[in-house]
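Residue numbers (my numbering): 14 to 550.
Each residue gets a CB set at the ideal place from its N, CA and C atoms; glycine is no exception.
I have placed the structure first, in the form of C-alpha cells, so that the comments after it can refer back to it.
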C-alpha cells in the first residue's frame with residue numbers, strides 16, 4: 014500500500030491523502046487555509062488524475078477536510094464520497110457556503126484585475142460544482158465494514174471531534190491495517206460522544222494540531238469566558254467571539270445558556286451573526302440522536318441546549334450592519350473562526366480599537382491568519398483596507414478546543430497494542446509535529462515519520478498469524494512480542510493504577526489471571542510443537 018500526503022503535512026489544513034492499493038482512494042480533500050501562500054496551493058494542478066480515483070473517504074465536514082471536493086468533481090472525479098449522515102448534512106451547507114465565497118472573491122479580484130488591464134480570475138469552483146459534489150455523497154454507518162474493492166475495506170469510527178466526525182480503519186486484505194485518526198476530539202467534550210478507542214493497527218496516521226501543548230481545564234475556560242463578558246459589560250462594550258460555524262458555535266451557545274441560567278454573567282443580548290452557523294445549529298437540533306448522553310438528557314427534559322431568551326439570530330446583511338450601531342454591551346458570535354473572512358471582520362473593524370471590548374478566541378488560528386497575528390500580540394492590524402489599532406482585551410481560551418491536546422492524543426494512542434506500530438504524524442505545523450513525534454517515541458518507543466507535502470510512504474504487508482510457521486518464526490519470536498506488549502501495558506497501568514477503585518482493581522487482576530491462563534495454554538502447545546506455532550493459532 015502506498016500513501017501520499019497531498020495536504021496536512023507540515024501544516025494543519027488541506028487534508029488530502031492518496032491511498033494506492035487495488036485502485037486509488039482519497040482520504041479527505043480539504044482546503045488549505047492561512048494566508049496567500051496557503052491559498053495558492055488550492056489552485057495548483059492535481060498531482061493525480063481525479064477521474065481515475067475510485068472513491069473519497071471523508072473523515073468530517075470541516076472545510077480544511079472537505080473544501081476541495083467541488084474542485085475535484087469539477088476536474089473529473091465521478092466516484093462515491095463516503096461519509097457519515099451528519100457529515101453529509103453539514104457538508105451541504107458548508108460546501109455551498111464555500112462556493113459562494115469562492116464566487117464572490119473571484120468577482121472582487123476580477124474587478125480589480127480589469128481596472129489594471131489584467132486577466133479575470135475564475136472561481137476555484139462554483140455552487141453548481143458544489144451541488145454536483147453533494148450528489149456523489151454516499152452515507153455510511155459508523156462501525157460498519159464497507160468493501161471498497163476486492164482487496165480494500167474500510168470502517169468509520171467515532172472521532173469525538175464534531176458531529177459525525179470519524180476515525181478510519183483501512184484494511185488491505187487481512188494482513189495490513191492502516192488507521193487515519195482524522196481530528197481526534199476530547200474526552201468529556203460537550204455535545205459529542207468520546208472518541209472510539211482502537212487497539213490494533215500496523216500503521217497510524219495521527220493528527221497533531223495541539224501536539225505541543227496542554228489545554229486549560231474546561232471549567233476554568235468557562236470561568237474565563239464569564240470574566241471576559243463581565244469585563245466588557247462593566248465597560249459598556251461588546252464581546253466578540255470569532256467562531257467556526259460547526260461545533261464551536263453550538264458549544265458556545267450551550268455554555269452561554271448555562272451561564273445565563275445560573276446568573277454567573279449579567280443578562281445581555283447574544284447575537285449569532287452567521288447564517289451558516291444558524292443553519293448548522295438547525296442541523297444539530299435535527300440530529301440530537303447523535304449527541305452524547307448528557308446532551309440527549311437535556312433534550313429528553315424538553316430543553317433546547319442551543320437556545321435561551323437572550324439569543325438573537327442575525328440572518329441578513331442588514332441585521333449584521335445594525336449591530337455596528339448598537340449601543341451598550343452585547344455578545345456577538347460571528348464567522349469565520351480565524352478572522353480571515355466573513356462578518357467578524359466588520360465587527361473587528363468597528364470594535365477592536367475600543368478599550369473595554371473583549372475579543373475571545375476559542376479556536377485554532379492558522380499561521381498567516383488575522384486571528385493568529387492578533388493573539389501573537391500585533392499592536393495594529395489591517396482589516397478591510399484600514400489599519401486598526403488593537404486596544405481590545407484579547408482572551409485566548411484553549412479549553413473550548415474540539416481537538417485533543419498532547420496528553421489526550423498520547424492517551425488515545427496508548428491503546429494500540431502493536432509494539433511495531435508505525436506512527437505518521439500529520440495535521441500539525443512542522444515544529445508542533447516534531448515535538449509530538451518526539452513525545453510519541455519517548456513514551457512508547459514507536460517509529461515515527463513526519464511526511465513532507467507530496468511525500469509517498471510505502472507500507473508492506475504484515476505477516477498473518479496463520480503464516481508464522483511458513484515464515485520460520487519460532488516461539489521465542491512470539492514470546493518477544495508478548496514481552497514487549499506486557500512492558501507497554503505496564504507503562505500504561507503505572508500512569509493510572511493508583512486512581513483505580515477496589516472494584517476496578519479486582520477487575521484488572523481478573524483480566525491478568527485470564528491472560529496468564531492463556532499464556533500457559535500456549536506454553537503447553539509449544540512443548541508439543543517446539544519448532545513453531547501451531548498452524549491454527
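The region 390-408 / the region 141-157 touching (three or more Cβ pairs under 8 Å): By the C-beta criterion, the region 390-408 is judged not to be in contact with the region 141-157, since fewer than 3 inter-stretch pairs fall below 8 Å.
Three-state secondary structure (DSSP) at residue 259? Look at residue 259 here: in three-state DSSP terms it is coil, with no helix or strand label.
Boundaries (first-last residue) of the beta strand (DSSP E) holding residue 602: Nothing in the structure corresponds to residue 602, since the chain is present only between 14 and 550.
So for residue 37, helix, strand or coil by DSSP? In this structure, residue 37 counts as strand in the three-state DSSP scheme.
If you draw a straight line from the alpha carbon of residue 155 to that of residue 386, how long is it in whole angstroms? Distance between the alpha carbons of residue 155 and residue 386: 39 Å.
Out of curiosity, what's the CA-to-CA distance linking residue 227 and residue 286? Near 31 Å, if we compare the C-alpha coordinates of residue 286 and residue 227.
Could you round the C-beta distance between residue 14 and residue 167 to whole angstroms and report it? I think they count as a contact, below 8 Å. Distance from residue 14 to residue 167 at the Cβ level is roughly 13 Å; contact not present, criterion being Cβ atoms closer than 8 Å.
I'd like the span of the beta strand (DSSP E) that includes residue 239, first residue to last. Annotation: residue 239 is outside any beta strand (DSSP E); the continuous alpha helix (DSSP H) that includes it extends over 231-247.
Out of 161, 45, 202, which has the shortest C-alpha to C-alpha gap to residue 173? Looking at the Cα atoms, 202 is the closest of the given residues.
Would DSSP call residue 184 helix, strand or coil? Three-state result, residue 184: strand.
Can you confirm whether residue 214, when its beta carbon is compared against all beta carbons of chain D, has any partner nearer than 8 Å? The displayed structure is made up of one protein chain only, and chain D is not part of it.
Quick one, are the C-beta atoms of residue 72 and residue 179 less than 8 Å apart? Result yes, Cβ atoms of residue 72 and residue 179 sit closer than 8 Å.
Taking C-alpha atoms, which residue in 434, 126, 443, 466 lies nearest to residue 472? Checking every option, the nearest Cα to that of residue 472 belongs to 434.
Express the C-alpha separation of residue 371 and residue 223 in angstroms, rounding to a whole number. Using only the alpha carbons, I get a separation of about 24 Å.
Given this structure, state the Cα-to-Cα distance separating residue 310 from residue 301, to the nearest angstrom. If you draw a straight line from the Cα of residue 310 to the Cα of residue 301, it is about 10 Å long.
In whole angstroms, what is the alpha-carbon distance linking residue 425 and residue 210? The straight-line gap separating the alpha-carbon atoms of residue 425 and residue 210 is approximately 7 Å.
Could you tell me if residue 25 is buried or exposed, where buried requires 16 or more neighbouring beta carbons within 10 angstroms of its beta carbon? By the C-beta density criterion, residue 25 is buried, having at least 16 other C-beta atoms within 10 angstroms.
At the level of alpha carbons, what is the spacing between residue 69 and residue 83? Taking C-alpha positions only, residue 69 is separated from residue 83 by approximately 12 Å.
For residue 90, count neighbouring Cβ atoms within 10 angstroms of its own Cβ and tell me buried if that reaches 16, exposed if not. Classification of residue 90: buried, given that the 10 Å Cβ count is 16 or more.
Assuming residue 395 is part of the beta strand (DSSP E), what are its boundary residues? Residues 393-396.
What are the partner residues of residue 408, as DSSP defines its beta bridges? Answer is 373.
Run the CB neighbour count on residue 318, radius 10 Å, all protein chains shown included, and call it buried at 16 or more, exposed below. Flag for residue 318 reads buried.
For residue 376, which residues from the same chain have a beta carbon less than 6 Å from its beta carbon, with the 5 sequence-adjacent residues on both sides left out? Closer than 6 Å at Cβ, skipping near neighbours: 257, 261, 350.
Three or more C-beta pairs closer than 8 Å, one from the region 431-447 and one from the region 393-409: is that the case here? These segments do not touch.
C-alpha distance - residue 98 paired with residue 78, whole-angstrom precision: Here the alpha carbon of residue 98 sits roughly 16 Å from the alpha carbon of residue 78.
Residue 481, buried or exposed, once every other Cβ within 10 Å from all chains shown has been counted against 16: Because residue 481 sits at a pLDDT of 41, beneath the cut-off of 50, its placement in the model cannot be relied upon, and the point is left open.
Just to confirm, are residue 249 and residue 348 a CB contact at a threshold of 8 Å? No, Cβ-Cβ distance for residue 249 and residue 348 is not below 8 Å.
For residue 43 and residue 16, believed in contact at Cβ under 8 Å, the rounded distance: Residue 43 and residue 16 do not touch by the CB rule: their CB atoms are close to 16 Å apart, not below 8 Å.
Can you tell me the Cα-Cα spacing of residue 27 and residue 232, whole angstroms? For residue 27 and residue 232, the distance between alpha carbons rounds to 32 Å.
Anyone know if the C-beta pair for residue 110 and residue 266 falls short of 8 Å? No.
By how many angstroms is the C-alpha of residue 414 removed from the C-alpha of residue 345? About 19 Å.
Residues in the same chain with beta-carbon distance under 8 Å from residue 416, minus the five sequence neighbours each way, listed in chain order, please. Excluding positions up to five away in sequence, the list reads 174, 196, 197, 198, 199, 220, 222, 223, 377.
From which residue to which residue does the alpha helix (DSSP H) around residue 139 run? Residue 139 -> no alpha helix (DSSP H), and no H or E assigned at all.
Note down the Cα distance separating residue 63 from residue 181, rounded to an integer number of angstroms. Taking the straight line from one Cα to the other gives about 21 Å.
Completely contained alpha helix (DSSP H) runs for the region 28-87, where each covers 4 or more residues: Those alpha helix (DSSP H) runs which fall completely within the region 28-87 and span 4+ residues are 49-54, 76-79, 82-87.
Going by CA-CA distance only, name the one from 30, 331, 404, 330 that's closest to residue 362. Nearest option by C-alpha distance: 404.
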